[in-house]
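J.: In this note's numbering, the protein residues as written are 184 to 471. Where is the CB? At the ideal position from N, CA and C, for every residue including glycine. Given the structure is predicted, the values throughout are model-derived calculations rather than measurements. Let me begin by handing over the structure; questions about it come next.
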Amino acid sequence: MVDPKKLLKQLKSYERFKLLTKAIQMVALSQLSGLKTKIASRQYALSSILPYFDTSSYSDKDLNYLVLSITVDKSCCGPHNGNVLKASKSLIEDLKEKNKNIKLASIGRKAKFFFKKYYRAFQVLNIFNLDKEPLSLFTAQVLMEKLMAYSFDRFYIIFNRFYSAFTQKVSYYDVCSFSFYTSNIINRAKDGDKISHIYASLLNSLSGDSNFAPLLEDFYTYSISLIALDALEENEYSALGARATAMNNATKNVSELIDRLRLSYNKARQETITNELIEIVSCVNFVG
């Protein structure tokens, strides 16, 4: 017969675990509150930048690839990191089949150890503890300055995009090099794009002035930093959403365990009481 005291001790430990998972879930959800306005404003800013990083016209000229995979070092995030690494592996294998030159950069320990195990020859940079400080444009600019040291024709950023507290999906940013970026500006100016006309005029005016030549390159770095910041923040929000989802599932599972264990405890307790009553009655009958 199972000892009811042991079952009661186990039951209390599960109940404490349930309180912990619910607390983690509530903290994650509270951190996600009020994000809709911030996400909408950021997407509005990016909508005027992304068209100039289009890579569709350079499929025959994109020999060198830089791939940045963003993971988090926080725990209790379910398949969050695994989905990013799975997508990264699929992209890398596709690029290897096409005989492209690949450089791999990563954020987080999970990505580092994954690339170290499977793609050590391509690994060039890994960054730790980025999610311990509040994300900002300055953080993204410092990150991009490190990555701009590596030459590339196309730059992939792989991350999880946040849709809701319980929905996150792997997403990509496909960014062209600076030379392709300037070509995109000129081509869009020919198509009658007003903003591109301004950029194209700037290109023409800077072409003969070495003092102002780096201006457009600085704007390129600034724009790509905005894209990187969006990827970093989306990935952080997704990690919080994944944590809330994982803790919600954990709470449901432990609730089922508690219900089963409480039933077992009640049965064991009833058996103990019944056996004690039988012993008492037997003793009374024996004495009588």
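(1) At a cut of 8 Å, does the stretch 190-199 reach the stretch 296-304 through at least three beta carbon pairs?
(2) I need the DSSP call for Leu246, collapsed to helix, strand or coil.
(3) Starting from the Cα of Met327, find the closest Cα among Leu215, Ala270, Ile410, Tyr248 and give me that residue.
(4) Which residue marks the beginning of the beta strand (DSSP E) containing Val353, and which one marks its end?
(5) Just confirm the distance between the C-beta atoms of Val250 and Ile341, as a whole number of angstroms; I'd bet it's less than 8 Å.
(6) Residues bridged to Tyr235 by DSSP?
(7) Which of the three DSSP states is assigned to Leu251 in this structure?
(8) Checking 8 Å against the spacing of the C-beta atoms, do Val353 and Ala270 come in under that value?
(9) State whether the stretch 319-336 contacts the stretch 401-408, with contact taken as three or more CB pairs (one from each stretch) at a distance under 8 Å.
(10) Give me the Cα-Cα distance between Thr434 and Asn247, rounded to the nearest whole angstrom.
(11) Alpha carbon to alpha carbon, how far is Asp336 from Asn282? Give it in angstroms, no decimals.
(12) Are the beta-carbon atoms of Thr428 and Gly261 separated by less than 8 Å?
(13) With DSSP collapsed to three states, give me the class of Ser289.
(14) According to DSSP, is Leu318 part of a helix, a strand, or is it coil?
(15) Under the rule that 16 or more other beta-carbon atoms within 10 Å means buried, what is Arg426, buried or exposed?
(16) Would Met209 be called buried (16 or more neighbouring beta carbons within 10 Å of its own) or exposed?
(17) For Tyr197, report the span of its alpha helix (DSSP H) as first-last.
(18) Compute the distance between the beta-carbons of Asp245 and Asn367, then report whether it is under 8 Å.
(19) Does the distance from the CB of Ala304 to the CB of Ser252 come in under 8 Å?
(20) Would you kindly work out how many angstroms separate the C-alpha atoms of Leu287 and Ile310, rounded to a whole number?
(21) Where does Phe321 land, buried or exposed, given buried means 16+ other C-beta within 10 angstroms?
(22) Can you list, in chain order, the residues of its chain whose CB lies under 6 Å from that of Leu412, leaving out five sequence neighbours each side?
(23) What are the partner residues of Ile407, as DSSP defines its beta bridges?
(24) Can the beta-carbon of Gly265 be found closer than 8 Å to that of Ala348?
(25) Strictly by DSSP, which residues pair up with Tyr339?
(26) Less than 8 Å between C-beta atoms, sequence neighbours within five positions excluded: which residues of the same chain meet that for Gln193?
(27) Is Leu330 a contact residue of the ligand COA, with contact defined as CB to any heavy atom under 7 Å?
(28) By alpha-carbon positions, which one of Leu308, Tyr364, Leu212 ends up nearest to Leu233?
(29) Pick out whichever of Ser362, Asn343, Lys450, Leu318 has its Cα sitting closest to the Cα of Leu268.
T.: Considering the structure as presented:
(1) no
(2) coil
(3) Ile410
(4) 350-359
(5) 7 Å
(6) Tyr235 pairs with nothing; no bridge assigned.
(7) Leu251: strand per DSSP, three-state reduction.
(8) yes
(9) yes
(10) 46 Å
(11) 14 Å
(12) yes
(13) DSSP, reduced to helix, strand and coil, places Ser289 within a strand of the structure shown.
(14) coil
(15) The residue in question, Arg426, is buried, as its Cβ has 16 or more Cβ neighbours within 10 Å.
(16) exposed
(17) 187-215
(18) no
(19) no
(20) A direct Cα-Cα distance of roughly 12 Å separates Leu287 from Ile310.
(21) The residue is exposed, with fewer than 16 neighbouring Cβ atoms inside 10 Å.
(22) Leu320, Ala323
(23) Note: Ile407 sits in no beta bridge, so no partner.
(24) no
(25) Val250, Asp357
(26) Leu444
(27) Ligands are entirely absent from the displayed structure, and the ligand COA is therefore not among its contents.
(28) Tyr364
(29) Among Ser362, Asn343, Lys450, Leu318, the Cα nearest to that of Leu268 is on Asn343.
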